[in-house]
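Engineer: Once you've had a glance at the structure underneath, I'll fire off some questions.
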Amino acid sequence: MTAESPVPVFKLYGEAESWSRPDLLHCETIESRSRLHAWSIATHRHADLAQLLYVRSGRARARMEDWQGELRGPFLLVLPPLCIHSFAFEPDIDGEVITLALPLLKLLRQRCGSGGQGLFQRPERLLPQGVEAGWLRQLVGRLVQEYEGRATGREIALQGLLDNLAVWLLRQRLREGSAAVSSRGESLLERFLALVEVHFREHWPVARYASELGITAVYLNALCQRLVGSNTLTIVHQRLLLEARRLLLYSASSVAEIADVLGFVDAAYFARFFRRGTGCSPSEYRRSAL
Numbered sequence: 224m225t226a227e228s229p230v231p232v233f234k235l236y237g238e239a240e241s242w243s244r245p246d247l248l249h250c251e252t253i254e255s256r257s258r259l260h261a262w263s264i265a266t267h268r269h270a271d272l273a274q275l276l277y278v279r280s281g282r283a284r285a286r287m288e289d290w291q292g293e294l295r296g297p298f299l300l301v302l303p304p305l306c307i308h309s310f311a312f313e314p315d316i317d318g319e320v321i322t323l324a325l326p327l328l329k330l331l332r333q334r335c336g337s338g339g340q341g342l343f344q345r346p347e348r349l350l351p352q353g354v355e356a357g358w359l360r361q362l363v364g365r366l367v368q369e370y371e372g373r374a375t376g377r378e379i380a381l382q383g384l385l386d387n388l389a390v391w392l393l394r395q396r397l398r399e400g401s402a403a404v405s406s407r408g409e410s411l412l413e414r415f416l417a418l419v420e421v422h423f424r425e426h427w428p429v430a431r432y433a434s435e436l437g438i439t440a441v442y443l444n445a446l447c448q449r450l451v452g453s454n455t456l457t458i459v460h461q462r463l464l465l466e467a468r469r470l471l472l473y474s475a476s477s478v479a480e481i482a483d484v485l486g487f488v489d490a491a492y493f494a495r496f497f498r499r500g501t502g503c504s505p506s507e508y509r510r511s512a513l
């Protein structure tokens, strides 16, 4: 199977719907999801998410793009957006899956400086040993504990822990000194998603995105359908909805102020857009989360 072949695209494994969580981070044990699928995760990929699969102990058979083999913990797998992957776990597997949405990836890359653009650009297999293995085990444990709790300063603590993890990944990558290789279609999609991150509040038409990429709107739409399973406009709208949910939950701004920040001409138009995408009004969504 090549990178251009049809492969199921999920948010989390088995979930093809939009990323509904206001957090840009998701953590869960490997057991919690793989148990539901007889310890086997079929071939799939994620369009706008990256994942870290951390195993403390236990064995797994893994496939990442063209590589496949058996691994024994401790190990960490880096799965960038669009990476084709599958797993078969032993039932005694002990570890976590850490999922990062695209806006969080962008932030981590920025915070890592000039070398940060290389983060999550290619699949990686990391086998920490000795002191480094203990450090990584402790860091992931603290990250999961902070994620599952609701203590004061949770977001600040999570960001600090993720920063530490990102710097460690960057140093591992620089140590190896290898580069990412993407197909032309995947490279175009990555560039499109990067443009969406910068311009989603400006409500660019699809033709504008296509023009910036040097392709036609028809080709861009076909590319998104093939690699992501959604059309171009839906991808942009899902990014707007994600930002709207976060602002409703994590800011004191009024609905009208949020509408303005997100580039809507008025609050009524924003409310209709939000209801179409979520099934409830902005005010109802905010109340339901309190």
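Note that the numbering used here numbers the sequence shown so that position 231 is 454, with each residue one more than the last.
Heads up, the beta-carbon is just placed ideally off N, CA and C, and yes, glycines get one too.
(1) In terms of residues, what are the limits of the beta strand (DSSP E) holding residue 164?
(2) Can you give the Cα-Cα distance for residue 489 and residue 482, rounded to whole angstroms?
(3) Mind checking whether residue 328 and residue 273 have CB atoms under 7 Å apart?
(4) On the three-state DSSP scale, how would you describe residue 274?
(5) Given 8 Å as the limit, is there contact between the stretch 319 to 336 and the stretch 270 to 290, that is, 3 or more CB pairs closer than that?
(6) Would you grab the beta carbon distance between residue 501 and residue 508 for me? Rounded to a whole angstrom, and I think it's under 8 Å.
(7) What is the rounded straight-line gap between the Cα of residue 459 and the Cα of residue 426?
(8) Rounded to a whole number of angstroms, what is the C-alpha to C-alpha distance between residue 434 and residue 428?
(9) For residue 411 and residue 268, what's the separation of their Cα atoms in angstroms?
(10) Going by DSSP in three states, residue 416 sits in which element: helix, strand or coil?
(11) Take residue 419 and list the residues in its own chain whose beta-carbon comes closer than 7 Å to its own, dropping the five residues that flank it on each side.
(12) Below 7 Å between beta carbons: does that hold for residue 292 and residue 278?
(13) Would you check if the distance between the CB atom of residue 299 and the CB atom of residue 285 is smaller than 7 Å?
(14) If we ignore side chains and look at the alpha-carbon of each, how far apart do residue 314 and residue 257 end up?
(15) Using the Cα positions of residue 354 and residue 361, report the straight-line distance between them to the nearest angstrom.
(16) Identify whether residue 486 lies in helix, strand or coil by the three-state DSSP scheme.
(17) State the DSSP-derived secondary structure class of residue 451, mapped to helix, strand or coil.
(18) Can you list, in chain order, the residues of its chain with a C-beta nearer than 8 Å to that of residue 371? Leave out the 5 residues immediately preceding and following it.
(19) Contact check, residue 359 vs residue 351 under 8 Å by CB: the rounded distance?
(20) In or out: residue 301 buried (at least 16 other Cβ within 10 Å) or exposed?
(21) What are the boundary residues of the alpha helix (DSSP H) that residue 358 is part of?
(22) Counting along the chain, where does the beta strand (DSSP E) carrying residue 284 start and finish?
(23) Could you tell me if residue 392 is buried or exposed, where buried requires 16 or more neighbouring beta carbons within 10 angstroms of its beta carbon?
(24) Residues in its own chain within less than 7 Å of residue 414 by CB, not counting five upstream and five downstream?
Structural biologist: Once the coordinates are examined:
(1) As displayed, the chain neither begins before 224 nor continues past 513, which places residue 164 out of reach and without an answer.
(2) Here residue 489 refers to the residue found at position 266 of the sequence shown. Here residue 482 refers to the residue found at position 259 of the sequence shown. Straight-line Cα distance between these residues: approximately 7 Å.
(3) As a working mapping, residue 328 is identified with position 105 in the sequence shown. As a working mapping, residue 273 is identified with position 50 in the sequence shown. A contact, by the Cβ cut-off of 7 Å.
(4) Position 51 of the sequence shown, counting from 1, holds the residue named residue 274. DSSP places residue 274 in strand when its eight states are reduced to three.
(5) yes
(6) Position 278 of the sequence shown, counted from the start, is the residue given in the question as residue 501. Position 285 of the sequence shown, counted from the start, is the residue given in the question as residue 508. About 6 Å separates the two Cβ atoms, so the contact holds.
(7) As a first step, residue 459 is located in the sequence shown; it is residue number 236 there, counting from the start. As a first step, residue 426 is located in the sequence shown; it is residue number 203 there, counting from the start. Those two C-alpha atoms are separated by around 8 Å.
(8) Within the sequence shown, residue 434 is the residue found at index 211, counting from 1. Within the sequence shown, residue 428 is the residue found at index 205, counting from 1. Roughly 10 Å between the two C-alpha positions.
(9) Looking up residue 411 in the sequence shown gives position 188. Looking up residue 268 in the sequence shown gives position 45. Going from the Cα of residue 411 to the Cα of residue 268 covers about 16 Å.
(10) Locating residue 416 in the sequence shown gives position 193, counting from the first residue. Three-state result, residue 416: helix.
(11) Position 196 of the sequence shown, counting from 1, holds the residue named residue 419. Cβ neighbours of residue 419 beyond the five flanking positions: 458, 459 and 462.
(12) On the sequence shown, position 69 is the one that residue 292 refers to. On the sequence shown, position 55 is the one that residue 278 refers to. No. Outside cutoff.
(13) Here residue 299 refers to the residue found at position 76 of the sequence shown. Here residue 285 refers to the residue found at position 62 of the sequence shown. No, these two residues do not count as a Cβ contact at 7 Å.
(14) Here residue 314 is taken as the residue at index 91 of the sequence shown, counted from 1. Here residue 257 is taken as the residue at index 34 of the sequence shown, counted from 1. Residue 314 and residue 257: Cα-Cα distance of roughly 9 Å.
(15) On the sequence shown, position 131 is the one that residue 354 refers to. On the sequence shown, position 138 is the one that residue 361 refers to. Each residue's Cα considered, the two are about 11 Å apart.
(16) Position 263 of the sequence shown, counted from the first residue, corresponds to residue 486. Residue state, collapsed to three classes: coil.
(17) Sequence index remark: in the sequence shown, residue 451 carries index 228 (1-based). Three-state DSSP puts residue 451 in coil, outside helix and strand.
(18) Residue numbering aside, residue 371 sits at position 148 when the sequence shown is read from its first letter. If we look at residue 371 and ignore the five residues flanking it on each side, its Cβ neighbours are 250.
(19) One-based indexing of the sequence shown puts residue 359 at position 136. One-based indexing of the sequence shown puts residue 351 at position 128. Contact holds; Cβ gap of about 5 Å.
(20) Mapped onto the sequence shown, residue 301 falls at position 78. Answer is buried; the Cβ neighbour count reaches 16.
(21) Against the sequence shown, residue 358 aligns to sequence position 135. Unbroken alpha helix (DSSP H) run through residue 358: 353 to 371.
(22) Residue numbering aside, residue 284 sits at position 61 when the sequence shown is read from its first letter. Residues 282 to 287.
(23) Along the sequence shown, read from residue 1 onward, the residue named residue 392 stands at position 169. Buried is the call here.
(24) Locating residue 414 in the sequence shown gives position 191, where the first residue counts as 1. Here the set comprises 436.
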